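Before any comments, here is the structure.
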Amino acid sequence: MRTLALILAVFVVVPATAQNSAPIVESAWIMAPPPGASEAAAYVSVRNASGDRLLGVSCDCAARADLHDMRIVDGVMQMRPLRYGLAASEAGALSLRVGGAHIMLVGLANRLRAGDRVMLRLTFEDAGVVVAEAVVRGPGRHR
Ligand SMILES: [Cu+2]
Numbered sequence: 004m005r006t007l008a009l010i011l012a013v014f015v016v017v018p019a020t021a022q023n024s025a026p027i028v029e030s031a032w033i034m035a036p037p038p039g040a041s042e043a044a045a046y047v048s049v050r051n052a053s054g055d056r057l058l059g060v061s062c063d064c065a066a067r068a069d070l071h072d073m074r075i076v077d078g079v080m081q082m083r084p085l086r087y088g089l090a091a092s093e094a095g096a097l098s099l100r101v102g103g104a105h106i107m108l109v110g111l112a113n114r115l116r117a118g119d120r121v122m123l124r125l126t127f128e129d130a131g132v133v134v135a136e137a138v139v140r141g142p143g144r145h146r
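Numbering (our numbering), first residue to last: 4 to 146.
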């Protein structure tokens, strides 16, 4: 009976808190692109208890920002757009990492150098726009 009460408590409490918890960006960074490059990859780590879906990203630093996934097709790494956004994992997190899902900044307005900071606007399905400051990291600092 005690177990049942606990289970019921969990079912009642979790959805109520989940609705009020907007996604929290824990880290955001951009891999410094080589000189002359028109694109750069950005990565964010988001605590996302409500499982809110990331629908899109924008940045004044680029003409466009796309959500991309990486897949190995016939031994070749390929990027493909995530048309329907990116859902949080069951752990309630969105982890964009080197070699996986990333934000592709297309048509860079200026050269991005290590140490630069730019604002990313992340649009979530429920929470709307969440702004995060992303730092540009140079080679060898990609963790
Ligand atoms: Cu990409």
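Beta carbons are placed, not taken as given, at the ideal position from N, Cα and C, and that holds for glycine. Fair warning: this is a prediction, and the values are worked out from it, not measured in the lab.
> At a cut-off of 8 Å, is Met122 close to ligand 1 when judged by its beta-carbon and the heavy atoms of the ligand?
Replying inline: Taking the sequence shown and counting its residues from 1, one reaches residue 122 at position 119. Checking the Cβ of Met122 against ligand 1 gives no.
> Residues bridged to Leu58 by DSSP?
Replying inline: Counting from 1 along the sequence shown, the entry for residue 58 is found at position 55. Answer is none; Leu58 lacks a bridge partner.
> Taking all protein chains shown into account, do 16 or more other C-beta atoms lie within 10 angstroms of the C-beta of Met34, making it buried, or fewer, making it exposed?
Replying inline: Reading the sequence shown from its first residue, position 31 is the one you call residue 34. It is buried - the Cβ of Met34 has at least 16 other Cβ atoms within 10 Å.
> Residues with a Cβ closer than 5 Å to any heavy atom of ligand 1, in chain order?
Replying inline: His71, Met82 and Met107
>> So for Glu29, helix, strand or coil by DSSP?
In response: As a position in the sequence shown, residue 29 is number 26, starting the count at 1. In the structure shown, Glu29 sits in a strand (DSSP, three-state: E or B).
>> Please state whether the Cβ-Cβ distance between Ala25 and Ser53 is less than 9 Å.
In response: Looking up residue 25 in the sequence shown gives position 22. Looking up residue 53 in the sequence shown gives position 50. Contact flag set, yes.
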